[in-house]
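S.K.:
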Amino acid sequence: MSEDCLFCRISAGEIPATVVHETGTVLAFRDIAPQAPVHVVVIPRAHHADVITLAEADPGLASEVLAAAGAVAKAEGLTGTGFRVVFNTGAHAGQTVFHVHAHVLGGGPLGALAS
Ligand code: 5GP
Ligand code: ZN
C-alpha cells in the first residue's frame, strides 16, 4: 500500500468508489469520468505500476485481474455485444494513475483506437 497512490487508497477504503466486484486480491469500481456507457476500472489490491511490471512480478495476479474484467463484463451484460479491455501503459498511452488498472469499456459502439 502506497499512501500517495490513489488506487491503493481506494482499495483500502480511504477514498470512496462505486465497487461492482471484489475479491481479497482484486477490486473493480466505476470510473469517475466514464468514457463509455459502461466504464469500470479493475485493479489488483497490491501495488504494481503497470500491466507489464505486474505480469513479470506476479503472473497469477495478472490473470486474476483479467478474470475479474471478464466477470465485470458478464455482470454488466457486455459479453454478447462486445467490449474493450484496455491497459494504458506509460505516459504516451495516457496512463495517469500508476497503479495498474484495466479499463472495461462497453455498453454501445466504441470508437476506433488511436493509431
Ligand atoms: P489512466 O488514464 O491512468 O489509464 O486511467 C485512470 C482512470 O482513473 C481515468 O479513467 C480516471 O477517470 C479514473 N479516476 C481518476 N481518479 C478517480 C477517482 O478518484 N475515482 C474513480 N472511480 N476513478 C478515478
Ligand atoms: Zn497503488
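Residue numbers for the sequence shown follow UniProt numbering, beginning at 1 and rising by one. Just so it is clear, CB atoms sit at the ideal spot from N, CA and C, and this is done for glycine as well.
Compare the beta carbon distance of residue 7 and residue 43 with 7 Å and say whether it is the shorter of the two.
M.R.: Taking the sequence shown and counting its residues from 1, one reaches residue 7 at position 7. Taking the sequence shown and counting its residues from 1, one reaches residue 43 at position 43. Yes, the pair counts as a contact, with Cβ atoms nearer than the cut-off.
S.K.: Mind checking residue 93: buried by the 16 CB within 10 Å criterion, or exposed?
M.R.: Within the sequence shown, residue 93 is the residue found at index 93, counting from 1. That one is exposed.
S.K.: Taking all protein chains shown into account, decide if residue 113 is buried (16 or more other Cβ within 10 angstroms of its Cβ) or exposed.
M.R.: Reading the sequence shown from its first residue, position 113 is the one you call residue 113. When all chains shown are included, residue 113 counts as exposed.
S.K.: Please determine whether the Cβ atom of residue 29 lies at a distance below 6 Å from any heavy atom of the ligand ZN.
M.R.: Start at 1 with the first residue of the sequence shown, and residue 29 comes out as number 29. Residue 29 Cβ: outside cutoff for every heavy atom of the ligand ZN.
S.K.: So if I measure from each beta-carbon to every heavy atom of the ligand ZN and keep distances below 6 Å, which residues remain?
M.R.: Cβ-based neighbours of the ligand ZN within the cut-off: 2, 5, 7, 8, 47 and 99.
S.K.: What first and last residue would you give for the alpha helix (DSSP H) that runs through residue 28?
M.R.: By 1-based counting over the sequence shown, the position of residue 28 is 28. Residue 28 -> not in any alpha helix (DSSP H); beta strand (DSSP E) instead, spanning 26-30.
S.K.: Would you mind stating whether residue 64 and residue 25 have Cβ atoms separated by less than 7 Å?
M.R.: Counting from one through the sequence shown, the residue named residue 64 turns up at place 64. Counting from one through the sequence shown, the residue named residue 25 turns up at place 25. In this structure, residue 25 lies closer than 7 Å to residue 64 by Cβ.
S.K.: Between residue 96 and the ligand FAD, is the CB less than 6 Å from at least one heavy atom?
M.R.: The ligand FAD is absent from the structure shown, which contains only the ligand 5GP and the ligand ZN.
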